[in-house]
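Trainee:
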Amino acid sequence: MGGESNMNLSHIIVILLLICTVSAVVVMLMSRRKQRRTLVTLNRMIDAAISGTFTENTYDESLLSSVEARFAQYLRGMETASKKLAKDKDKIKELISDISHQTKTPISNIMLYSQLLSEQTLSPECEACVNTLNKQALKLNFLIDSLVKTSRLETDIFTLHPTINEIIPMLKDICKQVEHKALEKEIKLVISPTKECAYFDYKWTSEAILNILDNAIKYSSSGTSILIRVISYEFFCRIDIEDNGIGIAVEEQSKIFKRFYRSPNVSTMEGVGIGLYLSRQIISKEGGYIKLSSVIGKGSTFSTFLLKQKPN
Amino acid sequence: MNILETQSLTKIYGSGETMVHALDDVNLEIKRGEFVAVVGMSGSGKSTLLHMLGGLDRPTKGSVHVDGKEIFQLNEEQLTIFRRRKIGFVFQNYNLVPILTVYENIVLPIQLDGNIPDKAYLDQIIHTLGLEQKLNNLSNNLSGGQQQRVAIARALAFKPAIILADEPTGNLDSKTSQDVLSLLKVTSQKFGQTIVMITHNEEIAQLADRIIHIEDGKIVGGALA
Numbered sequence: 004m005g006g007e008s009n010m011n012l013s014h015i016i017v018i019l020l021l022i023c024t025v026s027a028v029v030v031m032l033m034s035r036r037k038q039r040r041t042l043v044t045l046n047r048m049i050d051a052a053i054s055g056t057f058t059e060n061t062y063d064e065s066l067l068s069s070v071e072a073r074f075a076q077y078l079r080g081m082e083t084a085s086k087k088l089a090k091d092k093d094k095i096k097e098l099i100s101d102i103s104h105q106t107k108t109p110i111s112n113i114m115l116y117s118q119l120l121s122e123q124t125l126s127p128e129c130e131a132c133v134n135t136l137n138k139q140a141l142k143l144n145f146l147i148d149s150l151v152k153t154s155r156l157e158t159d160i161f162t163l164h165p166t167i168n169e170i171i172p173m174l175k176d177i178c179k180q181v182e183h184k185a186l187e188k189e190i191k192l193v194i195s196p197t198k199e200c201a202y203f204d205y206k207w208t209s210e211a212i213l214n215i216l217d218n219a220i221k222y223s224s225s226g227t228s229i230l231i232r233v234i235s236y237e238f239f240c241r242i243d244i245e246d247n248g249i250g251i252a253v254e255e256q257s258k259i260f261k262r263f264y265r266s267p268n269v270s271t272m273e274g275v276g277i278g279l280y281l282s283r284q285i286i287s288k289e290g291g292y293i294k295l296s297s298v299i300g301k302g303s304t305f306s307t308f309l310l311k312q313k314p315n
Numbered sequence: 049m050n051i052l053e054t055q056s057l058t059k060i061y062g063s064g065e066t067m068v069h070a071l072d073d074v075n076l077e078i079k080r081g082e083f084v085a086v087v088g089m090s091g092s093g094k095s096t097l098l099h100m101l102g103g104l105d106r107p108t109k110g111s112v113h114v115d116g117k118e119i120f121q122l123n124e125e126q127l128t129i130f131r132r133r134k135i136g137f138v139f140q141n142y143n144l145v146p147i148l149t150v151y152e153n154i155v156l157p158i159q160l161d162g163n164i165p166d167k168a169y170l171d172q173i174i175h176t177l178g179l180e181q182k183l184n185n186l187s188n189n190l191s192g193g194q195q196q197r198v199a200i201a202r203a204l205a206f207k208p209a210i211i212l213a214d215e216p217t218g219n220l221d222s223k224t225s226q227d228v229l230s231l232l233k234v235t236s237q238k239f240g241q242t243i244v245m246i247t248h249n250e251e252i253a254q255l256a257d258r259i260i261h262i263e264d265g266k267i268v269g270g271a272l273a
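Chains X and F supply the protein sequences, listed in that same order. Heads up: the first sequence at position 127 corresponds to 130 in my numbering, and the numbers run straight through without jumps. Heads up: the second sequence at position 139 corresponds to 187 in my numbering, and the numbers run straight through without jumps.
1) Any chance the segment 158-173 of chain X sits against the segment 132-147 of chain X, with 3 or more Cβ pairs inside 8 Å?
2) Using a Cβ-Cβ cut-off of 7 Å (strictly less than) and excluding sequence neighbours within five positions of F/K59, which residues of its own chain qualify?
3) Are there 16 or more other CB atoms within 10 angstroms of the CB of X/F203, so buried, or fewer, so exposed?
4) For F/E251, would you say it is in contact with chain X, using Cβ-to-Cβ distances shorter than 8 Å as the test?
5) In terms of residue numbering, what span does the beta strand (DSSP E) encompassing F/V234 cover?
6) Shortest alpha-carbon distance to X/K188 belongs to which of X/S224, X/S287, X/P196 and X/C178?
7) Run through DSSP, which three-state label would X/R265 get?
8) Any beta carbon of chain X sitting closer than 8 Å to that of F/I164?
9) Just reading off the beta strand (DSSP E) that X/G278 is part of, what are its end residues?
10) Taking X/D217 as the reference, give the member of X/E273, X/F263 and X/I171 with the closest Cα.
11) If you draw a straight line from the C-alpha of F/E82 to the C-alpha of F/L179, how long is it?
12) Nearest-angstrom Cα distance between F/S191 and X/K138?
13) Using the beta-carbon of each residue, which ones in chain X are nearer than 7 Å to F/R258?
14) How about X/G248: is its C-beta nearer than 8 Å to some C-beta of chain F?
15) Nearest by alpha-carbon distance to X/G276: which of X/I286, X/Q284, X/K261 and X/G290 is it?
16) Quick check on the burial criterion: 16 or more other C-beta atoms within 10 angstroms. Buried or exposed for F/V84?
17) Rounded to the nearest angstrom, how far is the Cβ of X/S228 from that of X/K191, given a contact under 8 Å?
18) What are the boundary residues of the beta strand (DSSP E) that includes X/L309?
19) 8 Å is my cut-off, CB to CB: does X/G276 come that close to chain F?
20) First and last residue of the beta strand (DSSP E) that includes F/A209?
21) How would you list, in chain order, the residues of chain F whose beta-carbon sits under 9 Å from the beta-carbon of X/F57?
22) Assuming X/Y222 contacts X/I249 under a Cβ cut-off of 8 Å, what Cβ separation, rounded to an integer in Å, is found between them?
23) Could you tell me whether any Cβ in chain X is nearer than 8 Å to the Cβ of F/V268?
24) Do F/I246 and F/D214 have their CB atoms nearer than 8 Å?
25) Please report the distance separating the alpha-carbon of X/K142 from that of X/S149.
26) So for F/V145, helix, strand or coil by DSSP?
27) Per DSSP, which one or two residues make a beta bridge with X/L192?
28) Which residue's Cα is closest to the Cα of X/G244: X/A252, X/E237, X/Q256 and X/I231?
29) Measuring only between beta-carbons, confirm whether F/Q159 sits less than 8 Å from chain X.
30) Measure the C-alpha to C-alpha separation of X/S235 and X/E199 and round it to an integer number of angstroms.
31) Should F/L255 be flagged as near chain X, meaning a C-beta pair shorter than 8 Å?
32) Closer than 8 Å, CB to CB, is F/G81 near chain X or not?
33) Please identify, using Cβ separations under 7 Å, the residues of the segment 297-310 of chain X that lie next to chain F, in order along the chain.
34) For X/L186, which beta-bridge partners are listed by DSSP?
35) Express the C-alpha separation of F/I174 and X/K313 in angstroms, rounding to a whole number.
36) Entirely within the segment 105-190 of chain F and at least 4 residues each: give me those alpha helix (DSSP H) ranges in chain order.
Below you can see the structure in the form of structure tokens.
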């Protein structure tokens, strides 16, 4: 009798142990699944936040629901911050347009009156002063003009409207604009013929390339030539402007595209150091870029790469 | 802000008489969004440098910080995952998976991490790199230039902290090279992607915002941002 109850007892213990182990395993598996589900939900929340479609789904006493609420709060905070940034940007836009508007009249008045003054009979000293005044007013005019243009481009007040255009007509136009400067220094501008087309905004790209060509003439010695060439690739069109000018040192090659950078080697020449900055700004807005290769004393080649097709 | 920084990075191969300082006390800084070229002749240590920056090999001495993290404090497994998330590689021989389509190759690193690809961003990359017609092709049916464009798309897709490109146009003809490099340049501008490109070709390097010259394992110019 006693042996039988002992047997029964050990049976029960074994069975109980089995039940315990099985249920422990089941609980463990379930909690693991639950944990995994929680993490998957969190990952999904973040994916939704990245794509901007996050909404709160659960409202209960779970920790996950509270995390969701806090996350939504955080995202709202970020949204407010970015809205504030956009508002600040708008203020800057307004300020720029005010500045450009308000400075236009005084500057043109300065230029007008200094010209009137120069038409008077003046003593040689006075004439020298008036000449300087004239030159500086012109420089100021150019500077304000370029500054306003670059900031308008940077703040997206101006938007470019690139279309597929033939390149040669633009190059001819640009050459015409600098013809007199080239003639003065007896520099020959040579355009290689091409029928290539590219994706660009005619007016702005002209300005960008004009700045490059203008520099090429400025820093070339008389009697040299400047070659303008178009090379075609599968995705890009490349406009090379190659001069035999003074060249640019390796350390300076990336700096010359920065705003207001002027090489110490050319500090005696006219210029404010904004032209190439503007050029680069314009070309990169169109999805292209400008590359420079140069050897000091031998000359520089500025390569403007334009897209051939419209990007989406 | 510096996305990449090395401090007295040194790599020594061999010992005694055969000892070679492949990298000798290299300190450099790269800022977020910069396109940097590392130029040197073969044997100058530029590939060793790239392997260190990408956590593919461990240095003898010194440290590499990527996105604020000292990468050689991680163990092998952590380093593998760190590489996958933070570093995009573009190699000379493309390293695509031949049995996968172009699209599958591009999203592979994202899917390995169990994430859903950001469709809008992917579309932008695919369009910029001119791959929309090729998405369902097997990658080994493409030309070299096309394969390298897929590799660039794959590297960009994860929005890594840096893309390391090792002679990306080494196997391409000069005309195709120019296109691939242009695309690399334009994507770095458009997506603000930091790129470190290794090359022996000065002409190619001129595309970059900054050129770092390396000779006999030492940086001889352009180390600081």
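In this text, a Cβ means the ideal position worked out from N, Cα and C, and glycines have one as well. Please read all numbers here as calculations on a predicted model, not as lab measurements.
Mentor: Based on what the coordinates show:
1) no
2) Taking the first residue of the second sequence as 1, we reach residue 59 of chain F at position 11. Closer than 7 Å at Cβ, skipping near neighbours: A70, L71, T96, M100, P107 and T108.
3) As a position in the first sequence, residue 203 of chain X is number 200, starting the count at 1. It is buried - the Cβ of X/F203 has at least 16 other Cβ atoms within 10 Å.
4) Residue 251 of chain F sits at position 203 when you count from the first residue of the second sequence. Yes, contact with chain X.
5) Taking the first residue of the second sequence as 1, we reach residue 234 of chain F at position 186. It is not in any beta strand (DSSP E) - F/V234 instead sits in the alpha helix (DSSP H) that spans S222 to F239.
6) Translated into the one-based positions of the first sequence, residue 188 of chain X becomes position 185. Out of X/S224, X/S287, X/P196 and X/C178, X/S224 has the C-alpha closest to the C-alpha of X/K188.
7) Stepping through the first sequence from its first residue, residue 265 of chain X is reached at position 262. Reduced to three states, the DSSP call for X/R265 is coil.
8) Counting from 1 along the second sequence, the entry for residue 164 of chain F is found at position 116. Yes - at least one Cβ of chain X is within 8 Å of the one on F/I164.
9) On the first sequence, position 275 is the one that residue 278 of chain X refers to. X/G278 -> not in any beta strand (DSSP E); alpha helix (DSSP H) instead, spanning G278 to K288.
10) Taking the first sequence and counting its residues from 1, the one referred to as residue 217 of chain X is at position 214. Of the candidates X/E273, X/F263 and X/I171, the one whose C-alpha sits nearest the C-alpha of X/D217 is X/E273.
11) Locating residue 82 of chain F in the second sequence gives position 34, counting from the first residue. Locating residue 179 of chain F in the second sequence gives position 131, counting from the first residue. C-alpha separation (whole angstroms): 25 Å.
12) Residue numbering aside, residue 191 of chain F sits at position 143 when the second sequence is read from its first letter. Residue numbering aside, residue 138 of chain X sits at position 135 when the first sequence is read from its first letter. Looking at the two C-alpha atoms, the distance is approximately 57 Å.
13) Here residue 258 of chain F is taken as the residue at index 210 of the second sequence, counted from 1. S257, listed in chain order.
14) For this step, residue 248 of chain X is matched to residue 245 along the first sequence. No - not a single Cβ of chain F is within 8 Å of the one on X/G248.
15) Locating residue 276 of chain X in the first sequence gives position 273, where the first residue counts as 1. The shortest Cα separation from X/G276 among X/I286, X/Q284, X/K261 and X/G290 belongs to X/K261.
16) Start at 1 with the first residue of the second sequence, and residue 84 of chain F comes out as number 36. Buried: at least 16 other Cβ atoms inside 10 Å.
17) Position 225 of the first sequence holds residue 228 of chain X. Position 188 of the first sequence holds residue 191 of chain X. At roughly 4 Å, the Cβ-Cβ gap stays under 8 Å, so X/S228 and X/K191 are in contact.
18) As a working note, residue 309 of chain X is residue 306 in the first sequence. Here the beta strand (DSSP E) through X/L309 covers G302 to L310.
19) Within the first sequence, residue 276 of chain X is the residue found at index 273, counting from 1. Not an interface residue.
20) On the second sequence, residue 209 of chain F is found 161 positions in, with the first residue counted as 1. First-last for F/A209: undefined, no H or E at that position.
21) For the purposes of this step, residue 57 of chain X is taken as residue 54 along the first sequence, with counting starting at 1. Per Cβ cutoff of 9 Å: no residues; X/F57 is ~14 Å from chain F at best.
22) Looking up residue 222 of chain X in the first sequence gives position 219. Looking up residue 249 of chain X in the first sequence gives position 246. With a Cβ gap of about 5 Å, X/Y222 and X/I249 count as contacting.
23) On the second sequence, position 220 is the one that residue 268 of chain F refers to. False, the Cβ-Cβ gap to chain X never drops below 8 Å.
24) One-based indexing of the second sequence puts residue 246 of chain F at position 198. One-based indexing of the second sequence puts residue 214 of chain F at position 166. Their beta carbons are under 8 Å apart, which means F/I246 touches F/D214 by this criterion.
25) In the first sequence, residue 142 of chain X corresponds to position 139, counting from 1. In the first sequence, residue 149 of chain X corresponds to position 146, counting from 1. Rounded to the nearest angstrom, the two C-alpha atoms are 11 Å apart.
26) Taking the first residue of the second sequence as 1, we reach residue 145 of chain F at position 97. Of the three classes helix, strand and coil, the one that applies to F/V145 here is coil, per DSSP.
27) Here residue 192 of chain X refers to the residue found at position 189 of the first sequence. According to DSSP, which records beta bridges pairwise, X/L192 is partnered with X/I229.
28) One-based indexing of the first sequence puts residue 244 of chain X at position 241. Looking at the sequence itself, residue 244 of chain X is Ile, so the reference to Gly does not match. Answer by Cα proximity: X/I231.
29) For the purposes of this step, residue 159 of chain F is taken as the residue at position 111 of the second sequence. Output row for F/Q159: interface = no.
30) Translated into the one-based positions of the first sequence, residue 235 of chain X becomes position 232. Translated into the one-based positions of the first sequence, residue 199 of chain X becomes position 196. Approximately 7 Å, taken between the alpha carbons.
31) To locate residue 255 of chain F, count along the second sequence from 1; it is residue 207. Yes, F/L255 lies at the interface with chain X (some Cβ there is under 8 Å from its Cβ).
32) Residue 81 of chain F sits at position 33 when you count from the first residue of the second sequence. Answer no: the Cβ-Cβ gap between F/G81 and chain X never drops below 8 Å.
33) F308
34) Sequence index remark: in the first sequence, residue 186 of chain X carries index 183 (1-based). Paired residues: none, contrary to the question.
35) Reading the first sequence from its first residue, position 310 is the one you call residue 313 of chain X. Reading the second sequence from its first residue, position 126 is the one you call residue 174 of chain F. Cα to Cα, the separation comes out at about 14 Å.
36) 124-134, 150-160 and 167-176
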